[in-house]
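S.K.: Add 911 to a position in the sequence shown, counting from 1, and you land on the number used in the working numbering. Using N, Cα and C, we set each Cβ at its ideal position, and we do this for glycine too. Before anything else, here's the structure in question.
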Amino acid sequence: MKKKLLSFLIAGVLLWSSVLPAAAAPSGISARSAVVIDAENGRILYEKDARTPGGIASTTKIMTALVVLERCNPDSLVYIRPEYTGIEGSSMYLKAGERLTVRELLYGMLLVSGNDAATALACYTAGSVERFAALMNMKAAELGLTTAHFCNPHGLDAPGHGASALDLARIAAAAMDHALFAKIVASKTAAAGGRTLVNHNKLLWMYAGACGVKTGYTKSTGRSLVSCCERAGARLICVTLGAPDDWNDHMQMYDAVWSSCSRRCAVSAGDILVRLPVIGGMADFLPVRAVGDVPVLAADGDEIEVRLYLPHFVYADVQAGEVIGSARVSIGGVFCGETQLAAAQSVCQDGTQRAGFREKLRLHIRLLFKQ
């Protein structure tokens, strides 16, 4: 039979806004739609009409890269067919008959936004643009996205193709967890297929900590930009859609978050979080410690919820280091991380106390119902 766990708070949330307080929020953002999230847990730190779907132009290629990286060997060679070349819009200028690796095509797609590279990768991966778009939509469903829908791998205008700023940020967060993707989008320049590529993302030069991810533009959607910034172990994703002044928008939003939030440990490894009653032991209570750190990004005035999942009591013998339960941290109802909870010391069985077992059990039950 499964042990019933006791869930209780050691820090409660009284009042909380999941976005920056009004005094700290950036002003004059040019974007039609914008969002900043904590990439580690998806918590929204700032938003402006972030849930309305719209055109996303070449930021589509973030999802294209994610699907390709999950299905292809980066060192595999791709034969460039004539139909992969001469695609409308931005290009890495592929030539029919060339052979490039998947990795080189990813650089060409993500740094200089090659629509030809996106087409080649899609057809290599799935056999056609249409079948690849189906894989993109499957991935969107897997990520739990509600507004994202893809008709092609490059982001050229198509009816129904697009996503909200929030869903696009979630796609970018998932992609940045892939080491090769993160390396590519952080590159200012690269050599691929005999070409020298210069990243279109100017934030890599303009803003400290910027490390990705993708620009986008079509005449009908305007300027789209997805960026990533890392400082002190925290990673933020920022998205703007329809933003005439996107570079400044992103820098303003990052400045607002970094000035009001800091990374701290909600729970630190070794912290004694609770003392559990022990039945039949040489000690009446067992100190329980956190096994690992749970860092969070939070503003100074924010309260962090730490919920412990533990049995009502434990039976001796208990060995030091034995896992007893877990501690889960959330802010504004958003799960931010967890760690195991373990016995901080050993408690041996006390044979002389067997006669008082029922009395102790009744005491512990009374204590339980008082909580």
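Taking Q1251 as part of the alpha helix (DSSP H), name the residues at either end of that continuous run.
M.R.: In the sequence shown, residue 1251 corresponds to position 340, counting from 1. Element bounds for Q1251: not the alpha helix (DSSP H) but the beta strand (DSSP E), 1245-1254.
S.K.: In angstroms with no decimal places, state the Cα-to-Cα distance between A1254 and P1188.
M.R.: As a first step, residue 1254 must be located in the sequence shown, where it is residue number 343. As a first step, residue 1188 must be located in the sequence shown, where it is residue number 277. One C-alpha to the other measures close to 12 angstroms.
S.K.: By the three-class DSSP mapping on this structure, what secondary structure does H1089 have?
M.R.: Within the sequence shown, numbered from 1, the residue matching residue 1089 stands at position 178. Three-state result, H1089: coil.
S.K.: A1231: buried (16+ other C-beta within 10 angstroms of its C-beta) or exposed?
M.R.: Within the sequence shown, residue 1231 is the residue found at index 320, counting from 1. It is exposed - the Cβ of A1231 has fewer than 16 other Cβ atoms within 10 Å.
S.K.: Tell me which residues share the same chain as T971 and place their Cβ nearer than 6 angstroms to its Cβ, disregarding the 5 neighbours each side in the sequence.
M.R.: Taking the sequence shown and counting its residues from 1, one reaches residue 971 at position 60. Result list for T971: G1066, in chain order.
S.K.: Can you pull the DSSP bridge partners for E958?
M.R.: On the sequence shown, residue 958 is found 47 positions in, with the first residue counted as 1. E958 is bridged to V946.
S.K.: Nearest chain B C-beta to C1140 closer than 7 angstroms, yes or no?
M.R.: Among the protein chains of the structure shown there is no chain B, as only one such chain exists.
S.K.: Which one of S1173, K1130, T1151, V1202 has the shortest CA to CA distance from A1069?
M.R.: Here residue 1069 corresponds to residue number 158 of the sequence shown, with the count starting at 1. With distances taken between Cα atoms, A1069 lies closest to K1130.
S.K.: Could you pull out every unbroken alpha helix (DSSP H) segment of at least 4 residues lying fully inside the region 981-1042, listed in chain order?
M.R.: 1013-1022, 1026-1037
S.K.: Can you pull the DSSP bridge partners for I1148?
M.R.: What you label residue 1148 is simply residue 237 of the sequence shown in a count that begins at 1. Paired residues: I948, C1139.
S.K.: Considering L1114, what are the terminal residues of the beta strand (DSSP E) in which it resides?
M.R.: Along the sequence shown, one-based indexing puts residue 1114 at 203. Run containing L1114: none in the beta strand (DSSP E); it sits in the alpha helix (DSSP H), 1114-1117.
S.K.: Quick check: the Cα distance between L1091 and C1139, rounded to an integer number of angstroms?
M.R.: Taking the first residue of the sequence shown as position 1, residue 1091 is located at position 180. Taking the first residue of the sequence shown as position 1, residue 1139 is located at position 228. If you take the alpha carbons of L1091 and C1139, they lie about 15 angstroms apart.
S.K.: Decide if A934 is buried, meaning its Cβ has at least 16 other Cβ atoms within 10 Å, or exposed.
M.R.: The sequence position of residue 934 within the sequence shown is 23, counting from 1. Note that A934 has pLDDT 44, beneath the 50 cutoff, so the model's placement of it is unreliable and the number below is only indicative. A934 is exposed by the Cβ-count criterion.
S.K.: Do A1031 and V989 have their beta-carbon atoms positioned less than 7 angstroms apart in this structure?
M.R.: Mapped onto the sequence shown, residue 989 falls at position 78. Mapped onto the sequence shown, residue 1031 falls at position 120. Against a cut-off of 7 angstroms, the Cβ pair of A1031 and V989 comes out as a contact.
S.K.: Taking the alpha-carbon positions, what's the E981 to A1028 distance?
M.R.: Your numbering for residue 981 matches position 70 in the sequence shown. Your numbering for residue 1028 matches position 117 in the sequence shown. Between E981 and A1028, the C-alpha separation is close to 17 angstroms.
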